[in-house]
DNA sequence: TCGTGCATTGCACTCACTGCAAAATTTGCA
DNA sequence: TGCAAATTTTGCAGTGAGTGCAATGCACGA
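Protein chains in written order, with this note's numbering: chain A, 34 to 230; chain B, 34 to 230.
Have a look at this one:
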């Protein structure tokens, strides 16, 4: 990849991000219903057609872009010491995921207000990529424990419940503003799951 | 509610169910892409407009209708003996939920084939009702344990992870046909969660 | 400066979904 | 049975998301 290609990447990412911010402000300003693709495009000064060069759906414009992938998360898990308990390693992965929901400082209030007013936006998960991450992590857990994930439910249960509490921790900490951070809640939840319900 | 109103209810439910079966057969026959509202309507011999009298979205026609509600599930939980451990009661609730994914015997093969060919349909949860069930059950757990669900994470973690493993058990048991039933998998998962990961 | 490749855009199209009002049908009741 | 009311079905017109295609604009490197 040439230097100009990298620059293009950065420009594209920046523009995408700018459109997202425009969309978020539009929602806060006029409400969710007014957020048509046409309205966003106009506010962002692009054609409606161009909007879909950046996002594959309207909803995508209101989601934070995850900084990780199935590959990177699995690598993170696999790079943990081999003698570390599986659920400890998973906790590290969980915090990594939660971190990607922390917006840049200047935007923090913007997102918080968006999520406070429209909590359902925090619930929308992208089913495509998620499925891959699940499979990949389940396999990694199975490998570490030397089990067959089609026979032994442990790997699936670990990954499944880990993700569900991550989701809960993220939503809870962004909607209710008590002192606890997302990481705090993840620790509480993982402590409970680790010792048994 | 008068007798004829009840009859209407039954007729409406029956027709709705008939449309669903038509839609499922259409998907198995022609593929998901060919399943337009127009195509379903034609096959079911109703107008496209009428389709939306029965379903609020196209996808809804391919979902099994849950036989429970937030109220009934919460009541089921609350009716368990007061000295039963919370997570035991939750297991009962879980099996009740899983049961609603068991189609009538004659349709069993139809649904299995649909889910085998399009597993993503089993993943689509309805975000509206689900939210209410979560809240309601979390409150019920909090009440039983005498805790404040805004301070103590236990109720949320129990409900959240219970639902996630239910979802996993349903999907797993319908897609992979080994000997284990959904109830078996729920037992395995709950055993793991109960004793700790 | 020219040409290659990528980004932007307009256009035409399909399809999901909705509100409204008319038509068809069912039901309750005299 | 027959009529009026309620309910269901349907047509129609409209909004808005999302897509493929082809033309245009633009930046970069040779």
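Every residue, glycine too, gets a C-beta built ideally from N, C-alpha and C. Fair warning: this is a prediction, and the values are worked out from it, not measured in the lab.
Under 9 angstroms between C-beta atoms of residue i and residue j
i	j	result
residue 125/B	residue 113/B	yes
residue 136/B	residue 97/B	yes
residue 134/B	residue 215/B	yes
residue 68/B	residue 91/B	yes
residue 208/A	residue 130/A	no
residue 100/A	residue 222/B	no
residue 154/B	residue 61/B	no
residue 111/A	residue 40/A	no
Backbone CA spacing between residue i and residue j [nearest angstrom]
i	j	result
residue 232/A	residue 132/A	Not covered by the structure: residue 232/A. The range shown for chain A is 34 to 230.
residue 211/B	residue 182/B	39 angstroms
residue 159/A	residue 160/B	14 angstroms
residue 119/B	residue 229/B	15 angstroms
residue 116/A	residue 138/B	48 angstroms
residue 169/A	residue 121/A	18 angstroms
residue 63/A	residue 163/A	31 angstroms
residue 83/B	residue 66/A	25 angstroms
residue 59/A	residue 95/A	11 angstroms
residue 167/A	residue 227/B	22 angstroms
residue 165/B	residue 42/B	24 angstroms
residue 123/B	residue 217/B	15 angstroms
residue 180/A	residue 180/B	38 angstroms
residue 184/B	residue 184/A	38 angstroms
residue 44/A	residue 44/B	58 angstroms
Assumed close pair residue i, residue j - CB separation to whole angstroms, cut-off 8 angstroms
i	j	result
residue 219/A	residue 127/A	5 angstroms
residue 81/A	residue 71/A	5 angstroms
residue 56/A	residue 73/A	5 angstroms
residue 235/B	residue 225/A	Residue 235/B lies beyond the residue range present for chain B, which begins at 34 and ends at 230; the question has no answer from this structure.
residue 197/A	residue 102/B	Not quite, the Cβ-Cβ distance comes to about 22 angstroms (not below 8 angstroms), so this is no contact.
Residue i beta carbon near the ligand MG (any heavy atom closer than 8 angstroms)
i	result
residue 146/A	With respect to small molecules bound, the structure shown includes none, and the ligand MG cannot be examined in it.
Residue i - containing alpha helix (DSSP H), residue span
i	result
residue 94/B	Run containing residue 94/B: none; DSSP gives neither H nor E here.
residue 160/A	160 to 178
residue 217/A	215 to 228
residue 188/A	187 to 208
residue 128/A	119 to 132
residue 107/B	103 to 111
residue 84/A	81 to 87
residue 140/B	Premise fails: residue 140/B is in no alpha helix (DSSP H) and is neither H nor E.
residue 77/B	70 to 77
residue 65/A	It is not in any alpha helix (DSSP H) - residue 65/A carries neither H nor E in the DSSP assignment.
residue 156/A	153 to 156
* To do: Check whether the segment 202 to 214 of chain A touches the segment 148 to 157 of chain A, taking contact to mean three or more Cβ pairs, one atom from each stretch, closer than 8 angstroms.
  => Verdict: yes, contact present.
Notebook entry, point to check: For the segment 43 to 56 of chain A against the segment 64 to 82 of chain A, are there 3 or more C-beta pairs whose distance is under 8 angstroms?
Noted result: Cβ pair count under 8 angstroms is three or more, so yes.
Notebook entry, point to check: Between the segment 171 to 182 of chain B and the segment 107 to 123 of chain B, are three or more C-beta pairs nearer than 8 angstroms?
Noted result: yes
Can at least three beta-carbon pairs, one atom from the segment 193 to 200 of chain A and one from the segment 87 to 101 of chain A, be found at a separation below 8 angstroms? no
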